[in-house]
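A quick write-up on the structure given underneath.
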Amino acid sequence: MTEKTHAIIAGAGIGGLTAALALARAGFRVSMLERAALIDDVGAGLQLSANATCILRDLGLLERLWRVALSPEVLHVRRASDGTELMRMPFGALAETRWGAPHLVVHRADLQRLLLEEAARSPDITVETNTEILGFTTLTGGIQVGATQGGEQVRYDGHLLIGADGLRSTVRERLGLGLGDQPVYSGRSAWRALLPAQDAPAFALMLASNLWLGPRAHLVHYPLRGGDVVNIVAIVEDKWRGDDDRQFWQTEGDAQFVQDRFAHWHADAQALIGAVKEWRRWPLFDRNTVDRWALDRVVLLGDAAHPVLPFLAQGAALAIEDAAEIGRMASQHGSNIGALVRAYQARRIRRAADVLLASRRQGSIYHMAKPLSLARDLVMRRLTVDAAMARMDWLYGYRG
Ligand SMILES: Cc1cc2nc3c(=O)[nH]c(=O)nc-3n(C[C@H](O)[C@H](O)[C@H](O)COP(=O)(O)OP(=O)(O)OC[C@H]3O[C@@H](n4cnc5c(N)ncnc54)[C@H](O)[C@@H]3O)c2cc1C
């Protein structure tokens with residue numbers, strides 16, 4: 032029996048886990064190395080558009096995803112000052128027909144758990160937690176990866192290394208790509224909360240995604256986890272200066288700050304924000320695109336390659352698209368790692384740059400103040416449902 036091609040993946044986030052499943056399907060053996068001691072309940076809501084859910088369907092996960100996800104029927108866009116509806120875009124069945132797969136919302140931890148359970152069912156995938164990749168050496172015919180595991184130095188030998196290790200990727204840095212292009216604070220923070228349904232105003236419990244646009248801020252909310260909680264994200268421009276931005280997810284937010292910041296918004300938005308007792312502040316980082324993600328036997332994937340600002344809600348979706356592509360290229364090129372790596376990079380780099388730049392533009396549009404916001408609102412109000420959906424075809428209808 033011939034030995035299977037062995038891929039080592041740094042990071043068991045959404046991107047790394049999906050890549051492991053796609054590679055196992057393509058006949059590879061996969062070792063996943065995850066720095067965290069436990070893959071636990073961190074994060075909050077993620078929107079998964081059709082470009083991502085069609086891939087999860089291909090991996091046989093859609094039925095189980097439906098058990099932990101919700102499908103908002105519509106996206107409501109409202110003006111912050113007076114609640115005027117600027118745009119309404121149907122999701123639900125209409126979106127599924129148009130883009131070929133459902134538009135879902137799910138808690139990041141629930142999706143990660145589902146992927147992990149599927150990985151555990153595969154004899155070709157192993158997941159090592161508490162294992163931090165430190166570096167790698169490319170050899171003739173293979174790659175050697177150095178890591179620490181519970182304080183001990185360990186070594187892994189494989190044929191391909193995938194850096195799916197997130198925004199501050201060690202693999203990217205070791206590739207020499209992270210040098211002049213560190214992530215920079217974008218001047219905006221996301222304040223996030225999961226509000227128990229019993230504390231939420233009734234309008235926030237409807238099966239809808241909601242987007243409120245105000246000057247230098249916007250607000251997103253939708254029900255999550257079977258409607259037991261409302262996921263809320265309030266994004267504001269600020270001058271945050273943190274000492275330790277690595278632990279940002281643990282940074283506790285200040286409820287009074289958020290209430291003050293949204294004090295002039297419509298009463299519904301204020302009622303929702305006022306009901307939240309515990310916020311988490313999440314500074315948003317931006318990073319320029321690079322024109323190379325790969326070298327020899329090493330490739331980057333997901334946030335490690337292309338962190339995107341969350342204005343189009345595409346961080347997880349892009350990582351899932353990358354993962355599907357690496358699986359496709361593995362099926363095509365097998366143990367010819369050089370060809371696999373080159374083809375993957377060529378097929379993904381443009382798409383990721385397009386989404387990254389569009390996300391930046393969307394942020395500026397969302398945060399417009401008068402008079403520009405008046406023109407924006409006019410354009411939005413005139414959009415027909417079909418025109419509104421057509422604007423998303425390139426994003427949600429993408430199929431690699
Ligand atoms: C804790 C957390 C919470 C998040 N919550 C949300 C959210 O609520 N909503 C949202 O839209 N997006 C969230 N994101 C971002 C979103 O999940 C990502 O944009 C998207 O899923 C891309 O995922 P990724 O797999 O590329 O990277 P990530 O999800 O960042 O995963 C990277 C993984 O690599 C591991 N890692 C890092 N360095 C090393 C190393 N040297 N060796 C081994 N492992 C390493 C990390 O522990 C992590 O598990 C969150 C990310 C994190 C890490």
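Read in my numbering, the sequence shown has 38 at position 7, and its numbers run on one by one without any break.
Glycine included, every Cβ here is placed at the ideal spot set by N, Cα and C.
Between which residues of its own chain and residue i is the CB-CB distance below 8 Å, once the five residues before and five after are set aside?
| i | result |
| --- | --- |
| Thr36 | Gly58, Phe59, Arg60, His190, Leu191, Ala361, Gly365, Ser366 and Ile368 |
| Gly173 | Asp188, Gly189, His190 and Arg328 |
| Val215 | Phe316, Asp317 and Arg318 |
| Ser112 | Gly245, His295, Trp296 and His297 |
| Ser220 | Ile266, Val267, Asp269, Trp271, Arg312, Trp313, Pro314 and Leu315 |
Where does residue i fall in DSSP's three states?
| i | result |
| --- | --- |
| His295 | coil |
| His364 | helix |
| Asn319 | coil |
| Arg60 | strand |
| Pro341 | helix |
| Asp188 | strand |
| Tyr375 | helix |
| Gly25 | This structure cannot settle anything about residue 25, because the visible part of the chain is limited to 32 through 431. |
| Gly197 | coil |
| Trp222 | strand |
| Gln213 | coil |
| Ile70 | coil |
| Asp275 | Low per-residue confidence applies at Asp275: pLDDT is 49, beneath 50, and the placement is therefore not dependable, though the value from the model is reported in the following sentence. The answer is coil: DSSP assigns Asp275 none of H, G, I, E or B. |
| Gly207 | coil |
| Ala400 | coil |
| Glu183 | strand |
| Glu116 | strand |
| Arg430 | coil |
Return the chain-ordered list of same chain residues with a C-beta closer than 6 Å to the C-beta of residue i, the five sequence neighbours on each side being excluded.
| i | result |
| --- | --- |
| Val222 | In the sequence as presented, Val is not what sits at residue 222; that position holds Trp. These residues qualify, in order along the chain: Ala265, Gly284, Val289, Trp310 and Arg312. |
| Pro246 | Ala400 |
| Val261 | Leu226, Ala231, Ala235, His252 and Pro254 |
| Ala302 | Pro232 |
| Ala224 | Ile263, Val307 and Trp310 |
| His398 | Arg247 |
| Tyr429 | Asn82 |
| Asp424 | none |
| Leu96 | Leu87 |
| Ile39 | Ser62, Val176, Tyr187, Gly189 and Leu192 |
| Pro133 | Thr84, Ser102 and Glu127 |
| Met411 | Leu117 and Met118 |
| Ile351 | Thr49, Ala83 and Ile86 |
Return the first residue and the last residue of the alpha helix (DSSP H) that residue i is part of.
| i | result |
| --- | --- |
| Glu149 | Arg139 to Arg152 |
| Trp3 | Outside the shown range of the chain, which is 32 to 431, sits residue 3, and nothing can be said about it. |
| Ser404 | Leu403 to Arg413 |
| Ala336 | Unbroken run through Ala336: none, as it is neither H nor E. |
| Leu426 | Asp424 to Tyr427 |
| Val416 | Val416 to Ala421 |
How far does the beta strand (DSSP E) with residue i in it extend, from its first residue to its last?
| i | result |
| --- | --- |
| Glu268 | Val260 to Glu268 |
| Tyr253 | Ala248 to Leu255 |
| Ala41 | His37 to Ala41 |
| Ala178 | Gly173 to Gln180 |
| Val330 | Val329 to Leu331 |
| Phe234 | Phe234 -> no beta strand (DSSP E), and no H or E assigned at all. |
| Trp243 | Ser240 to Gly245 |
| Thr162 | Thr162 to Leu170 |
| Thr157 | Ile156 to Glu159 |
| Gly76 | Gly76 to Leu79 |
Verify the contact flag: residue i, CB atom, against every heavy atom of ligand 2, threshold strictly below 7 Å.
| i | result |
| --- | --- |
| Ile164 | In terms of ligand content, the structure shown lacks ligand 2 and carries ligand 1 instead. |
Between residue i and the rest of its own chain, which residues show a CB-CB distance below 7 Å, the 5 nearest in sequence each way excluded?
| i | result |
| --- | --- |
| Leu206 | Leu326 and Val329 |
| Gln393 | Phe342 and Leu343 |
| Ile164 | Ala41, Leu64, Val176, Ala178, Asp196, Thr201 and Val202 |
| Leu93 | Thr84 and Leu87 |
| Gly114 | His297 and Asp299 |
Three-pair Cβ contact test at 8 Å for the region 79 to 86 versus the region 118 to 134: yes
For the region 95 to 105 and the region 34 to 48, state whether three or more C-beta atom pairs, one from each stretch, are separated by less than 8 Å. no
Given 8 Å as the limit, is there contact between the region 66 to 80 and the region 134 to 153, that is, 3 or more CB pairs closer than that? yes
Of all the beta strand (DSSP E) runs that stay within the bounds of the region 89 to 113, which reach a length of 3 or more residues? 105 to 110
Whether or not the region 192 to 200 and the region 46 to 56 are in contact is what I'm after, with contact meaning three or more pairs of Cβ atoms, one per stretch, closer than 8 Å; do they touch? The region 46 to 56 is in contact with the region 192 to 200.
Looking at C-beta atoms only, is the number of pairs between the region 115 to 124 and the region 415 to 425 that lie closer than 8 Å three or more? yes
Can we say the region 344 to 353 touches the region 378 to 390, given the rule of at least three CB pairs closer than 8 Å? yes
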